[in-house]
Amino acid sequence: MTGTSGFALPLRASDGVVLVHDAHVPEGAGADGPTVPCIVTRTPYGRSRHLAEGRAWRERGFAYVAQDVRGRHDSDGTWVPYRGERSDGAALVDWVVAQPWSDGRVVAYGGSYSGCTAWAMAVERPAAVRAVVSLGPSMSLGRTKFGGGGILRLAEHAAWWLERGDARTSRDGLAALVFGERPGILRHLPVVDLPDALGAHLPSWRRIVEDGPDARTGEEITPDELAALDAATLHVGGWHDLLLPETLEHHRLAGSAVPGTPAHLLVGPWEHDLASSGSGRIGDLDHGDDAVLPWGRMLVDWIRDALDAALPPRRAQVHVRGSGWEQHEHWPPPHALTRVEWAAGGPVGIVHDPRDPRPSRHPGVDRRALASRPDAVRATALPITAPLRLTGDVAVELVSCSDAPGVDWVARLLARTPDGAEQELAVGETTVAGPHDGLRVAVPLGPVAVVLAAGTVLVLELAGADAPRLARNLGGPPGERCTSTRQATVRQGVRIDPDAPLALTLPVASGCVPPPDGVRAGGEEAP
62 MTGTSGFALP LRASDGVVLV HDAHVPEGAG ADGPTVPCIV TRTPYGRSRH
112 LAEGRAWRER GFAYVAQDVR GRHDSDGTWV PYRGERSDGA ALVDWVVAQP
162 WSDGRVVAYG GSYSGCTAWA MAVERPAAVR AVVSLGPSMS LGRTKFGGGG
212 ILRLAEHAAW WLERGDARTS RDGLAALVFG ERPGILRHLP VVDLPDALGA
262 HLPSWRRIVE DGPDARTGEE ITPDELAALD AATLHVGGWH DLLLPETLEH
312 HRLAGSAVPG TPAHLLVGPW EHDLASSGSG RIGDLDHGDD AVLPWGRMLV
362 DWIRDALDAA LPPRRAQVHV RGSGWEQHEH WPPPHALTRV EWAAGGPVGI
412 VHDPRDPRPS RHPGVDRRAL ASRPDAVRAT ALPITAPLRL TGDVAVELVS
462 CSDAPGVDWV ARLLARTPDG AEQELAVGET TVAGPHDGLR VAVPLGPVAV
512 VLAAGTVLVL ELAGADAPRL ARNLGGPPGE RCTSTRQATV RQGVRIDPDA
562 PLALTLPVAS GCVPPPDGVR AGGEEAP
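Its first residue numbered 62, the sequence shown is counted upward by one per residue in this note's numbering.
Now the structure itself:
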C-alpha cells in the first residue's frame, strides 16, 4: 500500500486470528515520495470513532492507523479484556513499519482501555515506538474496577460492563437509560446477580466480581518495563478522573531508568474525557474558560517535538484549583508533609446501615446537604487565616474499633468555604476485617492540587459507605460483600486521645496549616 488510505484491512495475528484496521496515509507518501511517521491506536470502542481523527492526522503529514482489538467490532476472535494485547499490538506495529510509506517511527496513542494497548505496543516494540501518548490509562480489571481495600467500584463497573461487556459491539447510552429509569437498581443483592436485575446477559460479570482486585492475566505491564522505555511519553489526567493515580504513577515510572528520557505530564480539572472536555464546569465547580485547552494543536506540537528529539526531559503542566495553570519541571513540586492531629474528643462512633448507606455524589457537587447525616465522623480545623497551597498526596491515620465482622472506612477531605459550600478535595477507602479494638488504620486519599483561600475550613469526614460508587458493606464478612443478601447494621468508631490521635497528613507547599478544632459524629458511642 503506497500513499493510499485503506479501510477494513485484515491483519493476521500471531495465532492466526484476523484483526481489522483502517490506515489513513498522506497522499504521495512512500514509493518515490517521502515516508512518514505513524500514530497508532488499538481500541475496543470501534475504530470508526477515529475516522475524522485519521483524516486530521493525514492532513498534518502523519499516517494514522486505528485497529479494533480482538473480538470487538470487525476483528475476529473473542474479547477477553486485557488478554492478547501485547502480541496483537506487536503484530500491528510490525505491519506499520514494513509499509513503504512508513519511516519506521510509531507513536502509540490511546486513552482508557486504549491507553493499556498503547503501553503494550511500547514495551513489545520499543525500537519502533518512539513516543507514547497515554490518556487516563486503564491497565487491568483488577486495578480499574476495585478501589482501596479491594472494594468494588460498583457504579463505574456496572455502567462500563453494561455497555461494553460480553459483546462484540457497544451498547452506547444503555447505562444512562437503565439507571435513569431505575435509580435504585444498584442496591440489588446479591451484587453478583446484578445483570439479572438489569435484564442483561453478562456472563462474565460474576467472574470479574468474584476474582476481585488480585486477578491477573499474566500479561500485565510491569514497572520495570515502563522504567526501561526510552520513548518520549505524554501522560494526560484529570483531577476528577478515578484513573488519575495510574496516570501519575506512569509519569513517575516511564523512562526513569534511562537518563534524559522525556516524560511530560498534563493534568486538568477534568473527568475521564480529559483534555477533550469542552467545558470548565464539573458539578457545581466552575474552573473557568481556561480549563478548556486547544488540545488538538497541543498534541500535534508535542508529537512533532518528540519525534524531532526537541523535548526537555521533564515537564508538568497542571491546573491548580484556586490558582490556574502552572508549569513545573517536576510534579509534585516541593512540599512539606504536615500533620493535623485531633487528640481529644473521642471516642466517637457511627452506625452504618446498608439499607440506608451514606450516598455518593457526582464529582464537583456541593456536599453540604450530607453534613447533617449521622453516619459520619467529622473532624474540623480552625478557619485558614491566609492562603494555603496543597500539592501532593493526602493521607489519614485513624484508630478503628468495631465488634462487626468487618468495616469500611471512607475518608474524605473537604473544603468548606465561608458561604457554607463543601467541596471534595480528596477521597480514599479501605476495609478492616474482623472485630477489633484500637487497630491503627492508614487510608491514602490520593493527590490534590489546590490553593485554599482565607476563611476556608478543612473538614475530614470518615464514613462507612459511599454508595453506589462503592459496593456497600452488608454487615457480614468483607468476603461476602458481593455474594450475600443479608444486611445488618454496623457499629464502628474511632478512638481519639493523645496516645491515639486522628491524623491528617497534608502536602503543604506554602502557607500555615490551621490547628484542629473539634470532632463530632452521629451521637453513637464507639463500640
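Glycine included, every Cβ here is placed at the ideal spot set by N, Cα and C.
Residue i versus residue j: straight-line alpha-carbon distance, rounded
| i | j | result |
| --- | --- | --- |
| R108 | Q128 | 6 Å |
| E280 | D480 | 51 Å |
| A587 | I557 | Low confidence applies here, because A587 scores a pLDDT of 45, under 50, leaving its location unreliable; read the following figure in that light. Going from the Cα of A587 to the Cα of I557 covers about 10 Å. |
| H262 | V319 | 47 Å |
| T550 | E490 | 19 Å |
| D149 | V101 | 13 Å |
| F207 | D93 | 53 Å |
| V361 | H311 | 21 Å |
| S75 | V438 | 56 Å |
| A436 | R419 | Correcting the residue identity first, residue 436 is Asp in this sequence and not Ala. Approximately 7 Å, taken between the alpha carbons. |
| E585 | P244 | Its pLDDT being 45, under 50, E585 is placed unreliably in this model, and the value from its coordinates should be taken loosely. So the alpha carbons of these two residues sit roughly 30 Å apart. |
| T63 | L153 | Model confidence at T63 stands at a pLDDT of 49, short of 50, so the residue's coordinates are unreliable and nothing is read from them. |
| V168 | V555 | 51 Å |
| V81 | R232 | 20 Å |
| T294 | A192 | 6 Å |
| L368 | F123 | 12 Å |
| W266 | A258 | 13 Å |
| V353 | R204 | 29 Å |
| R376 | Y125 | 26 Å |
| L535 | A494 | 13 Å |
| H325 | L287 | 14 Å |
| R533 | L255 | 14 Å |
| W386 | G77 | 49 Å |
| C99 | L531 | 40 Å |
| G226 | A216 | 14 Å |
Heavy atom of the ligand SAH within 7 Å of residue i beta-carbon
| i | result |
| --- | --- |
| A124 | Among the components modelled here there is no ligand, and therefore nothing to report on the ligand SAH. |
Boundaries of the beta strand (DSSP E) in which residue i is found, first to last residue
| i | result |
| --- | --- |
| S463 | L449 to S463 |
| I246 | Looking at the DSSP string, I246 is not in any beta strand (DSSP E), and its letter there is neither H nor E. |
| H325 | A324 to G329 |
| I411 | V409 to H413 |
| R520 | A quick correction: the sequence has Val, not Arg, at residue 520. Where V520 is concerned, the enclosing beta strand (DSSP E) stretches over V518 to A524. |
| V471 | G467 to R477 |
| P592 | Since the first and last residues shown for the chain are 62 and 588, residue 592 lies out of range. |
| T441 | A437 to A442 |
Close Cβ partners of residue i (< 6 Å) along its chain, the five nearest in sequence each way excluded
| i | result |
| --- | --- |
| D589 | Residue 589 lies beyond the range of the chain shown here (62 to 588); nothing can be said about it. |
| D427 | D345 and A482 |
| P374 | G321 and P323 |
| T104 | S175 |
| R273 | For the sequence presented, residue 273 should be read as Gly rather than Arg. G211, listed in sequence order. |
| L565 | V401, V457 and L521 |
| S136 | L80, V81 and D129 |
| I445 | L513, A515, T517 and P575 |
| R450 | V512, A570, S571 and G572 |
| G172 | L196 and G197 |
| Q484 | A476 |
Counterpart residues of residue i in DSSP-defined beta bridges
| i | result |
| --- | --- |
| G385 | V381 |
| H82 | L70 and Q128 |
| F207 | L213 |
| V401 | L565 |
| C99 | A124 and V167 |
| V551 | H413 |
| T491 | W470 |
| A293 | A192 |
| D558 | A561 |
| S571 | R450 |
| G395 | Reading the sequence as shown, one finds Pro at residue 395 and not Gly. For P395, which the question treats as bridged, DSSP gives no partner whatsoever. |
| L346 | I343 |
Same chain, Cβ closer than 7 Å to residue i, neighbours up to 5 away in sequence not counted
| i | result |
| --- | --- |
| W156 | L72 |
| L202 | P142, Y143, I269 and A276 |
| D347 | G341 |
Endpoints, the alpha helix (DSSP H) within which residue i is located
| i | result |
| --- | --- |
| V184 | Y174 to E185 |
| P373 | Looking at the DSSP string, P373 is not in any alpha helix (DSSP H), and its letter there is neither H nor E. |
| G579 | Run containing G579: none in the alpha helix (DSSP H); it sits in the beta strand (DSSP E), P577 to R581. |
| L196 | Not the alpha helix (DSSP H): L196 falls in the beta strand (DSSP E), residues V190 to L196. |
| D272 | W266 to D272 |
| L263 | That residue, L263, is in no alpha helix (DSSP H); it is neither H nor E in DSSP. |
Own chain, CB closer than 8 Å to residue i, minus 5 neighbours either side, in chain order
| i | result |
| --- | --- |
| P496 | S463, D464, A465 and P466 |
| D291 | P187, G316, V319 and T322 |
| D302 | G197, T308, W331, E332, H333 and L335 |
Quick one: any contact between the region 560-571 and the region 395-403, if contact means 3 or more CB pairs under 8 Å?
yes
Is there contact between the region 409-419 and the region 517-527, where contact requires at least three CB pairs shorter than 8 Å?
yes
Counting beta carbon pairs with one atom in the region 531-548 and one in the region 238-254, are three or more of them shorter than 8 Å?
yes
Would you call the region 501-509 in contact with the region 455-473, where contact means no fewer than 3 C-beta pairs closer than 8 Å?
yes
Contact between the region 180-188 and the region 209-227 is defined here as three or more beta-carbon pairs at a separation below 8 Å; is this criterion met?
no
How do the region 81-91 and the region 112-124 stand: do at least 3 beta-carbon pairs fall below 8 Å, yes or no?
yes
Between the region 138-148 and the region 162-171, are three or more C-beta pairs nearer than 8 Å?
no
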